[in-house]
Amino acid sequence: MNSPSGPSPGSSLSAARRARELTETVDGPVVDVLVVGLGATGAGAALDAASRGLSVAAVDAHDLAFGTSRFSSKLVHGGLRYLASAQLDVAHESAVERGVLMERTAPHLVRAQPFVLPLTPMVSRGQAALARAGLRAGDALRLAARTARATLPPPRRLSAVETRHLAPALRGDGLRGGLLSWDGRLTDDARLVTALARTAAAHGARVLTRTRALELTSGGARVRDELTGEEGAIRARAVINASGVWAGGLVDGIRIRPSRGTHLVLRPDCLGPLPAGLHIPIPGENNRFVLVLPQDDGRVYVGLTDEPVDGDVPDVPEAPESDIGFLLDVLGSVLDVPVHRDAVVGAFAGLRPLLDTADASGAANATRTSDISRRHAVLTSSEGVVTVVGGKLTTYRRMAQDAVDTAVRVRRLPAGPSVTASLPLVGAAAPHVLSALPAPRRLVRRHGTEAPAVHALGARDARLREPVLPSYPVTGAELLWSLRHEGALDEDDLLDRRTRIGLVPADRAAALEAVHDLLDGAAARRS
Numbered sequence: 001m002n003s004p005s006g007p008s009p010g011s012s013l014s015a016a017r018r019a020r021e022l023t024e025t026v027d028g029p030v031v032d033v034l035v036v037g038l039g040a041t042g043a044g045a046a047l048d049a050a051s052r053g054l055s056v057a058a059v060d061a062h063d064l065a066f067g068t069s070r071f072s073s074k075l076v077h078g079g080l081r082y083l084a085s086a087q088l089d090v091a092h093e094s095a096v097e098r099g100v101l102m103e104r105t106a107p108h109l110v111r112a113q114p115f116v117l118p119l120t121p122m123v124s125r126g127q128a129a130l131a132r133a134g135l136r137a138g139d140a141l142r143l144a145a146r147t148a149r150a151t152l153p154p155p156r157r158l159s160a161v162e163t164r165h166l167a168p169a170l171r172g173d174g175l176r177g178g179l180l181s182w183d184g185r186l187t188d189d190a191r192l193v194t195a196l197a198r199t200a201a202a203h204g205a206r207v208l209t210r211t212r213a214l215e216l217t218s219g220g221a222r223v224r225d226e227l228t229g230e231e232g233a234i235r236a237r238a239v240i241n242a243s244g245v246w247a248g249g250l251v252d253g254i255r256i257r258p259s260r261g262t263h264l265v266l267r268p269d270c271l272g273p274l275p276a277g278l279h280i281p282i283p284g285e286n287n288r289f290v291l292v293l294p295q296d297d298g299r300v301y302v303g304l305t306d307e308p309v310d311g312d313v314p315d316v317p318e319a320p321e322s323d324i325g326f327l328l329d330v331l332g333s334v335l336d337v338p339v340h341r342d343a344v345v346g347a348f349a350g351l352r353p354l355l356d357t358a359d360a361s362g363a364a365n366a367t368r369t370s371d372i373s374r375r376h377a378v379l380t381s382s383e384g385v386v387t388v389v390g391g392k393l394t395t396y397r398r399m400a401q402d403a404v405d406t407a408v409r410v411r412r413l414p415a416g417p418s419v420t421a422s423l424p425l426v427g428a429a430a431p432h433v434l435s436a437l438p439a440p441r442r443l444v445r446r447h448g449t450e451a452p453a454v455h456a457l458g459a460r461d462a463r464l465r466e467p468v469l470p471s472y473p474v475t476g477a478e479l480l481w482s483l484r485h486e487g488a489l490d491e492d493d494l495l496d497r498r499t500r501i502g503l504v505p506a507d508r509a510a511a512l513e514a515v516h517d518l519l520d521g522a523a524a525r526r527s
């Protein structure tokens with residue numbers, strides 16, 4: 001595990017490191033593996049390959065976690081949904097990977113989250129019985145995955161009083177009680193990607209953001225530095241395309257059917273105290289729920305939708321009003337006081353990179369994206385480029401392992417088996433170590449063993465101790481840490497990915513002056 005005194009050797013990403021390694025890599029010596037895309041799967045593939053002793057370059061046209069990996073529900077699912085659709089292998093894989101994250105690789109970033117499914121008049125007794133059976137099956141998955149009960153407590157039935165205690169905003173009329181269950185929840189999905197990239201860098205990977213892959217071949221890629229416009233080549237023995245919803249634009253024959261998942265962002269006073277999240281059944285649907293997800297920063301997320309997306313894939317998808325209205329309607333079906341549109345202070349949408357299931361005639365095998373399997377696929381082009389698509393955030397590690405296994409086999413690289421199932425990420429430590437760290441709990445949940453070092457930045461400069469917004473807990477010290485050690489280059493990186501201030505446009509605008517002052521100070525120190 002990592003030292004609580006500061007960043008692990010070699011794990012610090014900075015503008016200076018990026019510039020140096022970009023110069024060394026482009027038109028430089030051949031590397032063993034080039035990974036394109038630095039979301040969870042791409043950063044995971046870079047770590048997997050580097051931890052096997054391979055030389056690695058990993059590029060992204062934008063930033064770490066720029067795409068789908070920052071727009072998830074922040075949940076580490078145990079695969080319960082896939083049991084209902086008889087996808088037993090996907091369900092088991094999800095439960096196993098959840099346990100890996102919670103108990104071995106990232107216990108500082110993932111912890112147990114309680115959820116209440118309220119038994120309202122809209123939930124029949126038959127549906128309630130089916131839901132209880134499903135939750136018991138989910139606990140059996142936990143047991144099969146060898147995840148300790150101390151990590152994830154068992155589900156149980158709640159009385160109406162207990163249900164209202166955990167979710168006071170629920171309407172009391174006709175409430176028969178609730179079903180309590182537990183799942184894994186990330187502090188922040190983008191922080192997971194940052195930890196993956198930094199751990200990969202500590203193992204020698206060159207992590208190059210703002211570096212666009214223009215063309216892939218079996219021998220590498222033509223790339224462009226998006227900061228300078230300069231182009232060159234990265235030569236590699238193996239190429240892994242982990243660019244998510246954009247994968248088809250780099251390799252012929254890859255057909256992606258994106259699915260949009262929209263979330264609302266609410267202020268905490270909208271729903272009052274919320275000790276647990278909520279599973280709200282969607283009327284007329286089996287095994288689909290709207291989730292209410294309280295966050296450590298005080299905000300509440302409400303999601304999510306599962307809608308097909310046609311046409312060109314945007315860099316940053318927008319949440320349409322139809323999705324927002326749908327989520328508010330479902331939320332309002334169980335609340336004492338409905339949440340109105342003007343209470344939605346932000347919204348975000350992510351695109352899941354689902355593999356197109358069209359058959360040879362071009363006809364889709366699934367009419368809705370919610371029906372498409374979440375199994376991942378590793379495909380090798382005729383030229384030997386390996387593409388990994390599908391899957392979900394929870395199973396990123398297994399997806400990355402399978403992609404690297406394929407690249408090693410196809411390109412005959414000298415590498416042993418994957419070690420990432422037991423490899424702690426930067427900041428990871430056992431729970432008793434984390435709880436004893438001399439730093440605020442909020443920082444420990446975001447930075448793990450590095451929390452004392454982040455906190456120390458504020459101790460040396462009183463201005464850095466202050467929140468950048470009166471209504472939001474992130475301090476200047478955290479932003480400075482992101483610039484020095486987490487690869488942040490500009491205001492967008494700081495506001496939209498290293499922190500989630502930018503999910504609320506009004507908060508983003510209010511924080512800009514403080515962020516600009518910090519960036520100007522950092523630039524002055526470098527010059």
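This note's numbering applies: residue 1 is where the sequence shown begins, and numbers increase by one.
Even glycine gets a Cβ: it sits at the ideal position worked out from N, Cα and C.
Computed from a predicted model, the values in this text were never measured in an experiment.
By a beta-carbon distance limit of 8 Å, residue 264 contacts residue 347. Their separation comes to about 5 Å. For residue 128 and residue 139, the gap between their C-alpha atoms comes out near 17 Å. Across the structure, residue 482 and residue 494 are spaced so that their CA atoms are roughly 7 Å apart. With the rule of 3 Cβ pairs closer than 8 Å, the segment 228-239 does not count as touching the segment 255-264. 293 is the residue among 293, 334, 407, 147 whose C-alpha sits nearest the C-alpha of residue 268. Assigned with DSSP and collapsed to three states, residue 465 falls in helix. Here residue 419 has 51 as same chain residues with Cβ atoms under 6 Å from its own Cβ, once five neighbours each way along the sequence are excluded.
Contact check between the segment 82-90 and the segment 156-165: fewer than three CB pairs, one atom from each, fall below 8 Å, which does not count as touching. Using a Cβ distance threshold of 7 Å, residue 198 and residue 422 do not count as a contacting pair.
Between the alpha carbons of residue 65 and residue 452 lies a gap of roughly 25 Å.
With distances taken between CA atoms, residue 431 lies nearest to 150 out of 150, 20, 300.
About 15 Å separates the beta carbons of residue 230 and residue 221, which is beyond the 8 Å limit, so they are not a contact pair. For residue 457, the uninterrupted alpha helix (DSSP H) segment begins and ends at 451-460.
It is roughly 37 Å from the alpha-carbon of residue 6 to the alpha-carbon of residue 272. The segment 208-278 is shown to contain whole beta strand (DSSP E) runs of 3 or more residues at 211-217, 220-225, 231-241, 256-266, in chain order. In the structure shown, residue 87 adopts coil according to DSSP, grouped into three states.
Here DSSP, grouped into helix, strand and coil, assigns residue 114 to strand. For residue 446, the closest alpha carbon among the candidates 137, 93, 106, 16 is that of 106.
In the pairwise beta carbon analysis, the segment 58-78 is classified as touching the segment 170-189: at least three pairs are separated by under 8 Å. Between the alpha carbons of residue 212 and residue 489 lies a distance of about 16 Å. Judged by DSSP secondary structure, residue 353 falls within the beta strand (DSSP E) whose first and last residues are 344-355. Residue 328 and residue 282 have their alpha carbons spaced roughly 12 Å apart. Leaving aside the five residues that flank residue 142 on each side, the residues in its chain whose CB is nearer than 7 Å to its CB run, in chain order, 78, 95, 152. Minimum Cα-Cα distance from residue 18 among the listed residues 113, 124, 125, 204 corresponds to 204. When C-alpha distances from residue 275 are compared across 295, 42, 380, the shortest belongs to 295. In the displayed model, residue 183 falls within a strand according to three-state DSSP. When only Cα atoms are considered, residue 457 and residue 397 end up about 32 Å apart.
The bridge partners DSSP lists for residue 376 are 390. Cβ atoms of residue 118 and residue 334 come within 8 Å of each other, at about 6 Å. Per DSSP, the continuous alpha helix (DSSP H) segment holding residue 330 begins and ends at 321-332. Per the coordinates, the alpha-carbon of residue 159 lies some 10 Å from the alpha-carbon of residue 180. With 16 or more other Cβ atoms from the protein chains shown falling within 10 Å of its own Cβ, residue 147 counts as buried. Taking the CA atoms as reference points, residue 69 sits about 30 Å from residue 338.
For residue 23, the number of other beta carbons within 10 angstroms of its own is below 16, and it is reported as exposed. Nearest neighbour of residue 385 by Cα position, chosen from 468, 132, 303, 411, turns out to be 411. Under the DSSP assignment, residue 139 falls outside any beta strand (DSSP E), being part of the alpha helix (DSSP H) whose first and last residues are 125-144.
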